[in-house]
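Undergrad:
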Amino acid sequence: MVATRRLVIDVLKPYEPPTLAFTQQVAEADSVAGVNATLIELDKKVQNLKLTIEGEAIDYDAVEAIVEDLGGTIHSVDQVACGEYIVEDAPTPQD
Amino acid sequence: MVATRRLVIDVLKPYEPPTLAFTQQVAEADSVAGVNATLIELDKKVQNLKLTIEGEAIDYDAVEAIVEDLGGTIHSVDQVACGEYIVEDAPTPQD
Amino acid sequence: MVATRRLVIDVLKPYEPPTLAFTQQVAEADSVAGVNATLIELDKKVQNLKLTIEGEAIDYDAVEAIVEDLGGTIHSVDQVACGEYIVEDAPTPQD
Amino acid sequence: MVATRRLVIDVLKPYEPPTLAFTQQVAEADSVAGVNATLIELDKKVQNLKLTIEGEAIDYDAVEAIVEDLGGTIHSVDQVACGEYIVEDAPTPQD
Amino acid sequence: MVATRRLVIDVLKPYEPPTLAFTQQVAEADSVAGVNATLIELDKKVQNLKLTIEGEAIDYDAVEAIVEDLGGTIHSVDQVACGEYIVEDAPTPQD
Amino acid sequence: MVATRRLVIDVLKPYEPPTLAFTQQVAEADSVAGVNATLIELDKKVQNLKLTIEGEAIDYDAVEAIVEDLGGTIHSVDQVACGEYIVEDAPTPQD
Amino acid sequence: MVATRRLVIDVLKPYEPPTLAFTQQVAEADSVAGVNATLIELDKKVQNLKLTIEGEAIDYDAVEAIVEDLGGTIHSVDQVACGEYIVEDAPTPQD
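Residue numbers (numbering that gives the first Met the number 0), protein chains in the order written: chain P, 0 to 94; chain D, 0 to 94; chain W, 0 to 94; chain V, 0 to 94; chain X, 0 to 94; chain C, 0 to 94; chain F, 0 to 94.
1) Which residue from X:Glu55, X:Glu63, X:Tyr84, X:Leu6 puts its Cα closest to that of X:Ala32?
2) Any idea if P:Lys44 is buried or exposed, counting beta-carbon neighbours within 10 angstroms, 16 or more meaning buried?
3) With a threshold of 7 angstroms on Cβ separation, who are the neighbours of V:Ala80 within its own chain once the five nearest residues in sequence on each side are excluded?
4) Counting beta carbon pairs with one atom in the segment 9 to 20 of chain F and one in the segment 46 to 63 of chain F, are three or more of them shorter than 8 angstroms?
5) Going by the beta-carbon positions, is the gap between D:Gln78 and W:Thr37 smaller than 8 angstroms?
6) Let me know the secondary structure DSSP gives F:Gln78 once reduced to three states.
7) Quick check on V:Leu11 - is its C-beta less than 8 angstroms from some C-beta in chain C?
8) Say whether chain C places a C-beta atom closer than 8 angstroms to the C-beta of P:Ile73.
9) How many whole angstroms separate the CB atoms of C:Ser30 and C:Ile57, which I take to be in contact at a CB cut-off of 8 angstroms?
10) Report yes if the C-beta distance between P:Ala96 and P:Val62 is below 8 angstroms; otherwise report no.
11) Could you spell out where the alpha helix (DSSP H) holding V:Thr151 opens and where it closes?
12) Going by the CB atoms, is the gap between C:Tyr14 and V:Leu19 shorter than 8 angstroms?
13) Can you say whether F:Ile68 is buried or exposed, counting buried as having 16 or more other CB atoms within 10 angstroms of its CB?
14) For the segment 25 to 51 of chain F, which residues have a beta carbon sitting closer than 9 angstroms to at least one beta carbon of chain W?
15) For X:Phe21, tell me which candidate among X:Gly71, X:Gly82, X:Glu40, X:Leu41 has the shortest Cα-Cα distance.
16) Is P:Gly82 closer than 8 angstroms to D:Val66 when the C-beta atoms are compared?
17) How far does the beta strand (DSSP E) with F:Val31 in it extend, from its first residue to its last?
18) Does V:Ala89 pass the burial test, meaning 16 or more other C-beta atoms within 10 Å, or should it be called exposed?
19) Any idea if D:Ala26 is buried or exposed, counting beta-carbon neighbours within 10 angstroms, 16 or more meaning buried?
20) For W:Val83, decide whether its Cβ has a neighbour in chain X, counting only Cβ atoms nearer than 8 angstroms.
21) Using only CA atoms, which one of F:Gln24, F:Gln23, F:Pro16 lies nearest to F:Gln46?
22) For F:Val1, which of helix, strand or coil comes out of DSSP?
23) Please decide whether C:Pro17 counts as near chain F, where near means a Cβ-Cβ distance under 8 angstroms.
24) Please go through the same chain and pick out, in chain order, the residues whose beta-carbon is closer than 8 angstroms to the beta-carbon of X:Tyr84, but skip the five residues on each side of it.
25) Tell me which same chain residues have a C-beta within less than 7 angstroms of the C-beta of W:Leu41, skipping the five on either side of it?
26) Which residues in the same chain as P:Ile39 place their Cβ atom closer than 7 angstroms to its Cβ, once the five residues preceding and following it in sequence are excluded?
27) Specify the secondary structure class of C:Ile65 as computed by DSSP and reduced to three states.
28) Closer than 7 angstroms by beta-carbon distance: list the chain F residues that pair up with C:Thr22, in chain order.
29) So D:Ala58 contacts chain W; which residues on that side make the cut at Cβ distance below 8 angstroms?
30) Span of the beta strand (DSSP E) holding P:Val86?
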């Protein structure tokens, strides 16, 4: 199957574990080279994070399992890049 | 014929298959080197994705067949780059 | 004569042939190295495309003939770069 | 454990020690290669700083201990990058 | 005398000769390496072009003579760069 | 102690000495490699400058002494970068 | 003394000599490597130019003498960069 090289997901998570521990756990998945977790919003009970995940062949199921194992949910998949290299989103007047 | 090197298409798709599986299938076309799928909008029944596709000689019909096979439709072709290399859209005051 | 290295034209075309076939035909002109076609607007009967054309010595008449042959018209020439290399439009406070 | 390579934290601190001494102390943590401290807001009694911290394997607890030792508090963790290299936040229409 | 390496001029011209022929003629001046002509506005009788001209030692009088010979007028000189290399306009809060 | 490599300060100064002489004096501090002084505002009696100072190990006290010696005051320290290299402020949605 | 490597000045000048001749004269100062003159505003009697001047060790007095000799006045010094290299203005939230 074609390799997934970048995955941007919108995640809701409880306050525990905190962002750093949460991100480290996702980054520990075998198929993941690195993770950027950016805080989007703080609610009373949940945090909304945007995760940008890169790897040579990201295993989505493993990522999702870790997120859910830590009490989080993937609210939406906002960007996916698959193939021989990361294709960037080309700007158009429709954006 | 002159090679198509980039194709930006606006796609409507049902929720199944999910974005990642959908994108991987498009990326599996022989003529495609990589695909970036960016989520534009979520509706009750459909998702609106913007696909940026790159390759040495993209076969549009093959891409369209895969999209339709997966229950999606190409709503519009927003950008095409054909030739010896990818020419970028030059900014002008008319933009 | 001095070489034309970039040409940005605003084109109106009928729905047939579609954008990809239209762009490929323009890119097939001998003097053209590559073409970027970006969709600006969709009307009931016509499409408005912005074409950015690059080449070592673009033959405008050949480009125009192909556009008109395909049922399109060049509405305006929005940018031209002529000379030994492509000079970019320098930003000024008058922009 | 996977290395933390960038940490962006929102910090509230008293006027003493001043920003420079405060930043130097954070930068002195063994696991920290460099710190950028940008002033966000000045209040009567506190300063709000945004710290961007980089290192090969940042020790969050050590950073937090230094901040609190100096009378400051980490108000929120705004960005974390973990893994083999720093993954940047990919822009999406949801931003 | 110190060499003029870039010249940005605001030009008004009749519809004939068209932009491409007009630009090529300016680019044919001995002292000019390349010209970018960007359309600013279309009036009933005149076109307003912004010309960005580059060269090792641009001869302004020759450029002006060609513009006027073709029925155009230089409405204003919007940018000039003179010296050993092209100095770019440095952004300041006064912009 | 960890080296301070960049310092951005907001300075109020009288009209004399003028900006250039003022900036040169700050740049003459042993620990300073270069200074950028950008005019922010002109008042009747004072000028407001933003100084961006770079060096391998900037001596803040020496900089402050020079500024005050010339009749100026440091109104606020807006950015500090300390460590092995200059860490840039990472953009976040909180900005 | 520490070298001045960039100078941005706001200049008012009469219509004669025109911008190009004016800029060339400033660029002819021994200490000046290059000048960018950007038109800011046209008044009935004066032109407002922004000059960005670069050199290894710009002699401000020589520049000012040339400007005044040509009937112009330096309205304000908007940016100065002194030292071993050109330090750029670092962006901060206070901008």
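Where is the CB? At the ideal position from N, CA and C, for every residue including glycine. If you're wondering where the values come from, they're calculated on a predicted model, not measured in any experiment.
TA: In terms of the structure at hand:
1) The residue you call residue 32 of chain X lines up with position 33 of the fifth sequence. Closest option to X:Ala32, Cα to Cα, is X:Glu55.
2) Mapped onto the first sequence, residue 44 of chain P falls at position 45. Counting the other Cβ atoms within 10 Å of the Cβ of P:Lys44 gives fewer than 16, which makes it exposed.
3) By 1-based counting over the fourth sequence, the position of residue 80 of chain V is 81. These residues qualify, in order along the chain: Arg4, Arg5, Val86.
4) The segment 46 to 63 of chain F, when compared against the segment 9 to 20 of chain F, does touch it at the 8 angstroms Cβ threshold.
5) Counting from 1 along the second sequence, the entry for residue 78 of chain D is found at position 79. Counting from 1 along the third sequence, the entry for residue 37 of chain W is found at position 38. Inclusion of D:Gln78 and W:Thr37 in the CB contact set at 8 angstroms is warranted, their separation being smaller than that value.
6) The sequence position of residue 78 of chain F within the seventh sequence is 79, counting from 1. Of the three classes helix, strand and coil, the one that applies to F:Gln78 here is strand, per DSSP.
7) The residue you call residue 11 of chain V lines up with position 12 of the fourth sequence. Using a Cβ-Cβ cut-off of 8 angstroms, V:Leu11 does not count as an interface residue toward chain C, since no Cβ of chain C sits closer than that to its own.
8) Counting from 1 along the first sequence, the entry for residue 73 of chain P is found at position 74. It does not; no Cβ of chain C falls within 8 angstroms.
9) Along the sixth sequence, one-based indexing puts residue 30 of chain C at 31. Along the sixth sequence, one-based indexing puts residue 57 of chain C at 58. Yes, they are in contact, since the Cβ atoms of C:Ser30 and C:Ile57 sit about 5 angstroms apart, within 8 angstroms.
10) Nothing can be reported for residue 96 of chain P, as the shown portion of chain P is limited to 0 through 94.
11) This structure cannot settle anything about residue 151 of chain V, because the visible part of chain V is limited to 0 through 94.
12) Counting from one through the fourth sequence, the residue named residue 19 of chain V turns up at place 20. Counting from one through the sixth sequence, the residue named residue 14 of chain C turns up at place 15. Against a cut-off of 8 angstroms, the Cβ pair of C:Tyr14 and V:Leu19 comes out as no contact.
13) Within the seventh sequence, the letter at position 69 stands for residue 68 of chain F. According to the sequence displayed, residue 68 of chain F carries Asp and not Ile. Exposed: under 16 other Cβ atoms inside 10 Å.
14) For the segment 25 to 51 of chain F, which is checked against every Cβ of chain W, the residues closer than 9 angstroms are Thr37, Leu38, Ile39, Glu40, Lys49.
15) Mapped onto the fifth sequence, residue 21 of chain X falls at position 22. Ranking X:Gly71, X:Gly82, X:Glu40, X:Leu41 by Cα distance to X:Phe21 puts X:Gly71 first.
16) Here the question's residue 66 of chain D lines up with position 67 in the second sequence. Here the question's residue 82 of chain P lines up with position 83 in the first sequence. Going by beta carbons, D:Val66 and P:Gly82 fall outside the 8 angstroms limit.
17) Translated into positions along the seventh sequence, residue 31 of chain F becomes position 32. Taken as a continuous stretch (DSSP letters only), F:Val31 belongs to no beta strand (DSSP E), as it is neither H nor E.
18) For the purposes of this step, residue 89 of chain V is taken as the residue at position 90 of the fourth sequence. It counts as buried.
19) Start at 1 with the first residue of the second sequence, and residue 26 of chain D comes out as number 27. Result: buried.
20) Sequence index remark: in the third sequence, residue 83 of chain W carries index 84 (1-based). The question names Val, but residue 83 of chain W is Glu in the sequence shown. The beta carbon of W:Glu83 falls within 8 angstroms of a beta carbon belonging to chain X, placing the residue at that interface.
21) Indexing the seventh sequence from 1 puts residue 46 of chain F at position 47. Nearest of F:Gln24, F:Gln23, F:Pro16 to F:Gln46, Cα basis: F:Pro16.
22) Against the seventh sequence, residue 1 of chain F aligns to sequence position 2. Coil at F:Val1, not helix or strand.
23) Your numbering for residue 17 of chain C matches position 18 in the sixth sequence. Taking Cβ atoms only, chain F reaches closer than 8 angstroms to C:Pro17, which makes this a yes.
24) Position 85 of the fifth sequence holds residue 84 of chain X. Cβ neighbours of X:Tyr84 beyond the five flanking positions: Arg4.
25) In the third sequence, the residue the question calls residue 41 of chain W occupies position 42. Nothing meets the Cβ criterion.
26) Locating residue 39 of chain P in the first sequence gives position 40, counting from the first residue. These residues qualify, in order along the chain: Asn47, Leu48, Lys49.
27) Walking along the sixth sequence from the start, residue 65 of chain C turns up at place 66. Judged by DSSP in its simplified three-state form, C:Ile65 adopts helix.
28) Translated into positions along the sixth sequence, residue 22 of chain C becomes position 23. The contact set of C:Thr22 on chain F, defined by CB atoms closer than 7 angstroms, consists of Val79, Cys81 in chain order.
29) For the purposes of this step, residue 58 of chain D is identified with residue 59 of the second sequence, where counting begins at 1. One point to set straight first is that residue 58 of chain D is Asp, not Ala, in the sequence displayed. Against chain W, the beta carbon of D:Asp58 has no neighbour under 8 angstroms; the closest one sits roughly 11 angstroms away.
30) Here residue 86 of chain P is taken as the residue at index 87 of the first sequence, counted from 1. According to the DSSP assignment, P:Val86 belongs to no beta strand (DSSP E), since it is labelled neither H nor E.
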